[in-house]
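Asker:
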Amino acid sequence: MAGPAGGRPLIITEDPLLLDDLLRLCAAAGAEPHVHHAVPERTGARDGARDADGAGGAEGGGSVGWESAPLVLVGDDAARRVRGAPRRDGVFLVGRDLDDPQVWQRALEIGAEEVLRLPDAESRLVDRIADVVEGAGRPALAVGVIGGSGGAGASTLACALAVRAARAGERTILIDGDPLGGGIDVLLGGESVQGLRWPDFAGSRGRVGAGALEESLPELHALRVLSWDRG
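Laid out in structure tokens, this is it:
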């Protein structure tokens, strides 16, 4: 089983170019990985192990074990050294040139969930690393309100549901899905409240962290609102 979410990923590789790529992708996802050349010992691998900043460490002093890491990225060069490690979730075999047909056999031998080839899979890998860093809360209930015609009151009902949920203590985000409207924040009296709207995200690329997204939105009546603007 994989370790708890919110921890530091484990990278196993001796390929300096691949390591540079993986460290860059971890940085893009906001993660500080541990780096090993082989499967860490249960008591802490002092030899051939270092953190992303180059510092070594034992299991209890900043390092991480095979079972406890929330995510393990195994370089294709290190696959043979990982054979025999306990099977667990969250293992990915990563390389920069995986045209070798034997790579699938090596992935099977170490129990990898996926084989990822860089740079093609960079976006996928950043998303997976970010999922680990952010962790996962309990599943959210999504309620969609769609009006049969203009003036049917869909926006008013959506606002009422969101305000009621927020007053009940639920962590709530109201999302405006009508780009042709005037912005649902107007109904809540918050058109002048500071915060990002849909147009602010139009030119964005890559992943936006859930926590960072929530904090960037206007807060109205104890809930967050992702609205269109008057444009």
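Taking our numbering, the leading residue of the sequence shown gets 89, the next gets one more, and so forth. Beta carbons: idealized from backbone N, C-alpha and C, even for Gly. Note that the coordinates shown come from a computational prediction; the quantities given were computed from them, not determined experimentally.
Quick check: what's the CA-CA separation for ARG293 versus GLY118?
Answerer: If I take the Cα positions, the gap works out to 16 Å.
Asker: As an exercise, report each continuous alpha helix (DSSP H) stretch of at least 4 residues that is fully enclosed by the region 168-210, in chain order.
Answerer: You should have 191-198.
Asker: In terms of alpha-carbon separation, which member of SER315, ALA300 and PHE180 lies closest to GLU210?
Answerer: Residue PHE180 is the option with its Cα nearest to GLU210.
Asker: DSSP state of GLU302, grouped into three classes?
Answerer: Correct three-state label for GLU302: helix.
Asker: Is it buried or exposed for LEU107, if we count other Cβ within 10 angstroms and need 16 for buried?
Answerer: That one is buried.
Asker: Measure the C-alpha to C-alpha separation of GLY142 and VAL233 and round it to an integer number of angstroms.
Answerer: Low per-residue confidence applies at GLY142: pLDDT is 48, beneath 50, and the placement is therefore not dependable, though the value from the model is reported in the following sentence. Their backbone Cα atoms lie some 52 Å apart in a straight line.
Asker: On the criterion of 16 or more Cβ atoms from any shown chain inside 10 Å, does ARG216 qualify as buried, or is it exposed?
Answerer: Its Cβ being crowded by 16 or more others within 10 Å, ARG216 is buried.
Asker: Kindly identify the DSSP beta-bridge partner or partners of LEU262.
Answerer: Partner(s): VAL313.
Asker: Compute the beta-carbon to beta-carbon distance between LEU204 and ARG212, rounded to the nearest angstrom, for a pair I have assumed lies under 8 Å.
Answerer: Rounded, the Cβ-Cβ distance is 7 Å, consistent with contact.
Asker: Consult DSSP for LEU107 and reduce its assignment to one of helix, strand or coil.
Answerer: LEU107 falls in the helix class under three-state DSSP.
Asker: In the DSSP output, what is LEU308 paired with across the bridge?
Answerer: According to DSSP, which records beta bridges pairwise, LEU308 is partnered with LEU311.
Asker: Can you say whether SER243 is buried or exposed, counting buried as having 16 or more other CB atoms within 10 angstroms of its CB?
Answerer: Buried, since its Cβ has 16 or more Cβ neighbours within 10 Å.
Asker: Counting pairs of Cβ atoms below 8 Å between the region 307-314 and the region 268-288, do you hit three or more?
Answerer: Touching, yes.
Asker: Note the first and the last residue of the continuous beta strand (DSSP E) segment covering LEU161.
Answerer: 160-163 is the span of the beta strand (DSSP E), which, as asked, contains LEU161.
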